[in-house]
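2 protein chains.
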Amino acid sequence: MARDSAATKARLLDAAFAEFAAYGIAGARVDRIAEAAGANKRLIYVYFGNKEQLFDAVIERALAMGAETVPFDADNLPDYAGQIFDLFVANPDLARLLFWKQLERPGATDLEVTAYRAKNAAVATAQQQGRINADLDPGDLLALVLALSQAWFTAADGMSPTGTSSSWTTQRLAQHRTAVVHAVRRITTPHG
Amino acid sequence: MARDSAATKARLLDAAFAEFAAYGIAGARVDRIAEAAGANKRLIYVYFGNKEQLFDAVIERALAMGAETVPFDADNLPDYAGQIFDLFVANPDLARLLFWKQLERPGATDLEVTAYRAKNAAVATAQQQGRINADLDPGDLLALVLALSQAWFTAADGMSPTGTSSSWTTQRLAQHRTAVVHAVRRITTPHG
Chain A
267 MARDSAATKA RLLDAAFAEF AAYGIAGARV DRIAEAAGAN KRLIYVYFGN
317 KEQLFDAVIE RALAMGAETV PFDADNLPDY AGQIFDLFVA NPDLARLLFW
367 KQLERPGATD LEVTAYRAKN AAVATAQQQG RINADLDPGD LLALVLALSQ
417 AWFTAADGMS PTGTSSSWTT QRLAQHRTAV VHAVRRITTP HG
Chain B
267 MARDSAATKA RLLDAAFAEF AAYGIAGARV DRIAEAAGAN KRLIYVYFGN
317 KEQLFDAVIE RALAMGAETV PFDADNLPDY AGQIFDLFVA NPDLARLLFW
367 KQLERPGATD LEVTAYRAKN AAVATAQQQG RINADLDPGD LLALVLALSQ
417 AWFTAADGMS PTGTSSSWTT QRLAQHRTAV VHAVRRITTP HG
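Read top to bottom, the protein sequences are chains A and B.
The C-terminal position of the first sequence is numbered 458 in our numbering, with every residue numbered one higher than the one before it.
The C-terminal position of the second sequence is numbered 458 in our numbering, with every residue numbered one higher than the one before it.
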């Protein structure tokens, strides 16, 4: 029973991830999620609560998986940014999910606040020990590094692959990745 | 008559801007837009076409106003990025509108493609003449500079002011602006 329940929960979260990435919170249909998961709609309310709480659970799981796939490394931010870029290239739905979050469910969850504070502290330590650029506040540096890793996905001029992925070659993506790593290196290198 | 029509169009576009920024395309209600503009709903279809075409008109107007407020300057990208940041701080709805576009209406309009090519060419010229870093493709450099100017608004950890604007002091915003300008300077400075 416990195993079945865990498997059903996982299927519901997978289906909810796809549904929210496609339609956002307002546009998502709980019926479609239940149907895609092959589960009773009632179970969504039993396991997760309302649609917003289901969204929070999807976000929490996605961020935990992301943090596991790409561990934070204050001493190698160029490579960290490159790996975050790879993560979004491999999971375009993740970028969409975070856009929806920004629009429909802004504000940080407890997990995010905890993770952010840990990164902030690691950056501050690396700065104090002269290993990375100390001209910037750790929070600003973090935000800028993350922005660079996601530049491809936030480009407002339609350069992003979300709309026209077929036209973006592997080679073009590799070139942009190199640019991201180069830019983060320039930003994080201590004065010397 | 022509003047009345232009005034009505402008009121409809203002109302549509607010409605789309709040609810996106799928969530926007044409009735609410007409009511807020004090205009007949039918005029929206007469002037702009369907809801997607109205959204395109709103985007085109917003981008044109943005380009007028902050002219592109390939020779002073740090200041350009700072001014783009100011533009988003002053118009948080503009950031929301562009997020919705990314999710619901990706791909570049003709106007965007034209504007992008002009910026790209200006960056390429400045690179060839040794005035800015030539290690990166002009398109990559542009995307990275824009990402830095918008980092504050795309921070996935809930740092963004969209959710909790009251807690972001003028001083904190000024500090982040300085960080953006600093980072863009580091990225764009030629070697040597």
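Where is the CB? At the ideal position from N, CA and C, for every residue including glycine.
Quick caveat, the model's predicted, so the values are computed rather than measured.
Local Cβ density within 10 Å of residue i, reported as buried at 16 or more and exposed below that
i, result
"D406 (chain A)", "buried"
"P456 (chain A)", "exposed"
"Q393 (chain B)", "buried"
"A422 (chain A)", "Confidence at A422 (chain A) is low in this model, with a pLDDT of 49, below 50, so the placement of that residue is unreliable and no value is reported for it."
"N399 (chain A)", "buried"
"S271 (chain A)", "exposed"
"A409 (chain B)", "buried"
"T454 (chain A)", "buried"
"Q416 (chain B)", "buried"
"R362 (chain A)", "buried"
"F351 (chain B)", "buried"
"T335 (chain B)", "exposed"
"A276 (chain B)", "exposed"
"A440 (chain A)", "exposed"
"T420 (chain B)", "buried"
Cα-Cα separation between residue i and residue j, rounded to whole angstroms
i, j, result
"R451 (chain A)", "K307 (chain B)", "53 Å"
"V324 (chain B)", "A282 (chain B)", "7 Å"
"R371 (chain B)", "L353 (chain A)", "23 Å"
"A284 (chain B)", "Q395 (chain B)", "43 Å"
"V355 (chain A)", "F321 (chain B)", "28 Å"
"A328 (chain A)", "R397 (chain B)", "42 Å"
"K385 (chain B)", "T380 (chain A)", "40 Å"
"L343 (chain A)", "G348 (chain B)", "23 Å"
"H442 (chain B)", "A374 (chain B)", "29 Å"
"A273 (chain B)", "I299 (chain B)", "15 Å"
"A390 (chain A)", "P404 (chain A)", "6 Å"
"E318 (chain B)", "L377 (chain A)", "37 Å"
"L279 (chain B)", "A330 (chain A)", "41 Å"
"A303 (chain B)", "V296 (chain B)", "11 Å"
"R438 (chain A)", "A445 (chain A)", "11 Å"
"A287 (chain A)", "D401 (chain A)", "37 Å"
"A449 (chain B)", "E326 (chain A)", "30 Å"
"A388 (chain B)", "A305 (chain B)", "42 Å"
"E301 (chain B)", "T435 (chain A)", "46 Å"
"V447 (chain B)", "N316 (chain A)", "42 Å"
"L360 (chain A)", "A333 (chain A)", "13 Å"
"A413 (chain B)", "R383 (chain B)", "18 Å"
"N357 (chain B)", "Y346 (chain A)", "32 Å"
"V411 (chain A)", "W418 (chain A)", "13 Å"
Residue i - containing alpha helix (DSSP H), residue span
i, result
"D322 (chain B)", "K317 to T335"
"D376 (chain A)", "D376 to Q394"
"A356 (chain A)", "L343 to A356"
"I310 (chain B)", "K307 to Y313"
"H448 (chain A)", "T436 to T454"
"F419 (chain B)", "A417 to T420"
"R295 (chain B)", "Where R295 (chain B) is concerned, there is no enclosing alpha helix (DSSP H), given that its DSSP letter is neither H nor E."
Neighbouring residues, chain B, relative to residue i (Cβ below 8 Å)
i, result
"L402 (chain A)", "A445, H448 and A449"
"G293 (chain A)", "A292 and G293"
Contacts of residue i in chain A (Cβ-Cβ under 7 Å)
i, result
"F365 (chain B)", "F365, Q368 and L369"
"H442 (chain B)", "D406"
Proximal chain B residues relative to residue i, where beta-carbon distance stays under 7 Å
i, result
"A409 (chain A)", "A417, W418, A421 and M425"
"R362 (chain A)", "L369"
Per-residue contacts from residue i into chain A (C-beta, under 8 Å)
i, result
"A413 (chain B)", "A413, L414, Q416, A417, T420 and A421"
"I474 (chain B)", "For residue 474 (chain B) there is no data in the structure shown, the boundaries of chain B being 267 and 458."
Any C-beta of chain D under 8 Å from that of residue i
i, result
"L279 (chain A)", "Of the protein chains in this structure, namely A and B, none is chain D."
Check: residue i C-beta below 7 Å from any heavy atom of the ligand GDP
i, result
"G290 (chain B)", "Inclusion of the ligand GDP in the displayed structure is not the case, the ligand content being empty and no account of it being possible."
Count Cβ pairs between the segment 301-315 of chain A and the segment 336-351 of chain A that sit closer than 8 Å; are there 3 or more? no
Three CB pairs or more closer than 8 Å across the segment 362-369 of chain B and the segment 287-301 of chain B: yes
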